[in-house]
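Engineer:
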Amino acid sequence: MGTTTNNVKGQVPLKNVASFMALAVKLIERDAHEPNIGVCYGPSGYGKTYASIYAENRTRALRVEVRETWTRKTFLKSLLFELGVQARGTISDMAEQTIALLGDDPRRPVIVDEADKAVAKGMVEMIREIGDASGCSIILIGEERLPQRLAAIERVHNRVLDWMPAQPCDGEDAAALATAFCPQLTITADLLEEIRRQSDGRARRIVSNLSRVRDLARTRGLKAVDLAAWGNMAFFTSRPPAPRVVDAFRRSA
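Heads up: the sequence shown runs through residues 10 to 262, numbered per the numbering used here.
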């Protein structure tokens, strides 16, 4: 995971960041006859997007994040914008312009985040064509079932050079996040492991819980926080609250 906030500058060196960077380098350095698509997949909150931003900065990659309302035309306009060009003409015109510009620098990867939406909207075949014609590398990022969705599209699936399953944060990752987000605090191993467990190993949730640790330390004037100091405070888990008794009473009334 990497981020820039008021408290953190630069990237936090999590294992998924290193794995994503390795995937990008493998694609960039591939032989000409090898496939040119890489796939990073995993549950939300594992830090896939942050890892891709790190790789974007290190490799000069072009990065687009597909949105729910996008069409093929919107995708091409966004990619051309990243290339510094104002989109004009038909979809075919824009696709050819994109291919020509990417072909001028084929070592510059294209990262497509939220690629599940590109698959659902029938865009991924167009993305594959752009990669084939320009010779550039394509990295698709999506949720856990993205590989299965791509398997149904043979011409795309056959061009995948490598798959990168994003991993939940382990103890070292959690410690790196604690150092980055709570640099003035000592968070003991027992509390940090409980935060990691309650967060289901998801970097985003771990960061939210570390924010609660900071608030607790500031309120009590603590320099070190352990599980005992945490006490009965609730961990952030993203789970919805249980139905309230008052709601059940109203429904039965």
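For every residue, glycine included, the Cβ atom is placed at its ideal position computed from N, Cα and C.
Could you tell me the distance, in whole angstroms, from the CA atom of threonine 13 to the CA atom of valine 21?
Structural biologist: On the sequence shown, residue 13 is found 4 positions in, with the first residue counted as 1. On the sequence shown, residue 21 is found 12 positions in, with the first residue counted as 1. Any reading at threonine 13 must be qualified, since the residue scores a pLDDT of 34, below 50, and its modelled position is unreliable; no value is offered.
Engineer: Any contact of the region 51-62 with the region 207-226, i.e. 3+ C-beta pairs under 8 Å?
Structural biologist: Counting Cβ pairs under 8 Å, three or more are found: they touch.
Engineer: Quick check on the DSSP output: the alpha helix (DSSP H) that includes tryptophan 239 runs from which residue to which?
Structural biologist: Within the sequence shown, the letter at position 230 stands for residue 239. Taken as a continuous stretch (DSSP letters only), the alpha helix (DSSP H) holding tryptophan 239 covers 236-239.
Engineer: Express the C-alpha separation of leucine 23 and valine 75 in angstroms, rounding to a whole number.
Structural biologist: As a position in the sequence shown, residue 75 is number 66, starting the count at 1. As a position in the sequence shown, residue 23 is number 14, starting the count at 1. Approximately 25 Å between the Cα atoms of the pair.
Engineer: Using three-state DSSP, classify tyrosine 63 as helix, strand or coil.
Structural biologist: By one-based count along the sequence shown, residue 63 stands at place 54. In the structure shown, tyrosine 63 sits in a helix (DSSP, three-state: H, G or I).
Engineer: Leaving aside the five residues before and after leucine 219 along the sequence, list all residues of the same chain whose C-beta is less than 8 Å from its C-beta, in chain order.
Structural biologist: The residue labelled residue 219 in the question sits at position 210 within the sequence shown. So the qualifying residues of the chain are Leu186, Ala187, Phe190, Cys191, Ile196 and Ile204.
Engineer: For arginine 229, does the count of other Cβ atoms within 10 angstroms reach 16, so buried, or fall short, so exposed?
Structural biologist: Stepping through the sequence shown from its first residue, residue 229 is reached at position 220. Arginine 229 should be labelled exposed.
Engineer: Give a yes or no on whether the C-beta atoms belonging to glutamate 163 and aspartate 125 are separated by under 7 Å.
Structural biologist: Translated into positions along the sequence shown, residue 163 becomes position 154. Translated into positions along the sequence shown, residue 125 becomes position 116. Going by C-beta atoms, glutamate 163 is not nearer than 7 Å to aspartate 125.
Engineer: How about the region 112-124 and the region 62-77: do they share at least three Cβ pairs that are nearer than 8 Å?
Structural biologist: In short, these stretches touch, since the Cβ pair count reaches three.
Engineer: What three-state label does DSSP hand aspartate 40 in the structure shown?
Structural biologist: Looking up residue 40 in the sequence shown gives position 31. Note: aspartate 40 maps to coil in three-state DSSP.
Engineer: Can you check whether the CB of valine 128 is closer than 7 Å to the CB of isoleucine 147?
Structural biologist: In the sequence shown, the residue the question calls residue 147 occupies position 138. In the sequence shown, the residue the question calls residue 128 occupies position 119. No; because the gap between Cβ atoms is not below 7 Å, this pair is not in contact.
Engineer: Would you report the Cα separation of threonine 107 and glutamine 193, rounded to the nearest angstrom?
Structural biologist: Along the sequence shown, one-based indexing puts residue 107 at 98. Along the sequence shown, one-based indexing puts residue 193 at 184. Roughly 47 Å separates the two Cα atoms.
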